[in-house]
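K.L.:
Under this note's numbering, the first residue of the sequence shown is numbered 893, with each subsequent residue one higher.
C-beta: ideal position from N, C-alpha, C; glycine also.
Structure incoming, see below.
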Amino acid sequence: MSEGALSLGRDMNNSMNSRKNVARAERLQRRVDAGFVAKQFPEVASIVISMMYNQKGIQKSLPRTVNFFPSSYALFRVDCLSKDCSEGGFDLTQVITSMIKNHREATKGELSCEGNSPSSDHSAIAYEVAIQYAQNHVLA
Ligand SMILES: [Zn+2]
């Protein structure tokens, strides 16, 4: 169905839209590839990422919280909020995967945005991750 949308016009606006569509399709594909938390990590009951988002040029840091449940996609990525940032974001997949492997319940750290923005240090997060494990899960 995106083919129809792509062939609608040739002006600048439309090519920008189709680029956005491609980016959106890629994001969607990443989700599908990641699968659900319940399937990837059946022992996990919930994951909470709490973070302070800091953007260059903005004085105040912004608190954000992201929750994951067994029905969520196992894609632990947080978007960058900078307008000029493309392909940016914070990937906590490594952090969370290794936490689950070690059955850890809490950790904290910092990440910089991995996007291609004019300034490389335009945004960063200080995060805390809390994982709850299913009570009835028997450790292998
Ligand atoms: Zn960014």
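Given 8 Å as the limit, tell me if Ser833 has its C-beta closer than that to any heavy atom belonging to ligand 1.
P.N.:
Lying outside 893 to 1032, the shown extent of the chain, residue 833 is not represented and no answer is given.
K.L.:
Is Gly1007 near ligand 2 - that is, is its Cβ less than 8 Å away from at least one heavy atom of it?
P.N.:
Absent from the structure shown: ligand 2. Ligands present: ligand 1.
K.L.:
From the DSSP secondary-structure annotation, give me the bridge partner or partners of Gly1001.
P.N.:
For the purposes of this step, residue 1001 is taken as residue 109 along the sequence shown, with counting starting at 1. Per DSSP, Tyr1019.
K.L.:
Which whole runs of the alpha helix (DSSP H) in the stretch 916-984 are 4 residues long or more, in chain order?
P.N.:
Runs found: 929-932.
K.L.:
Taking the DSSP output, what are the residues bridged to Asn1008?
P.N.:
Taking the first residue of the sequence shown as position 1, residue 1008 is located at position 116. Paired residue(s): Ser978.
K.L.:
Per DSSP, Gln1024 is paired with what?
P.N.:
Here residue 1024 corresponds to residue number 132 of the sequence shown, with the count starting at 1. Answer is Ser938, bridged to Gln1024.
K.L.:
Determine the direct distance from the alpha carbon of Leu967 to that of Gln921, and round the result to whole angstroms.
P.N.:
Indexing the sequence shown from 1 puts residue 921 at position 29. Indexing the sequence shown from 1 puts residue 967 at position 75. Approximately 11 Å, taken between the alpha carbons.
K.L.:
Hey, how far is the Cα of Cys977 from the Cα of Gln1027?
P.N.:
Position 85 of the sequence shown, counting from 1, holds the residue named residue 977. Position 135 of the sequence shown, counting from 1, holds the residue named residue 1027. One C-alpha to the other measures close to 41 Å.
K.L.:
Is Ser974 near ligand 1, in the sense that its beta carbon is under 8 Å from a heavy atom of that ligand?
P.N.:
Indexing the sequence shown from 1 puts residue 974 at position 82. Flag set: Cβ of Ser974 near ligand 1.
K.L.:
Between Leu984 and Ile941, which are expected to be in contact by the criterion C-beta below 8 Å, what is the C-beta distance as a whole number of angstroms?
P.N.:
Translated into positions along the sequence shown, residue 984 becomes position 92. Translated into positions along the sequence shown, residue 941 becomes position 49. The Cβ separation is near 6 Å, so the contact holds.
K.L.:
Quick check: is any heavy atom of ligand 1 less than 8 Å from the C-beta of Gly949?
P.N.:
Here residue 949 is taken as the residue at index 57 of the sequence shown, counted from 1. For ligand 1, not one heavy atom lies less than 8 Å from the Cβ of Gly949.
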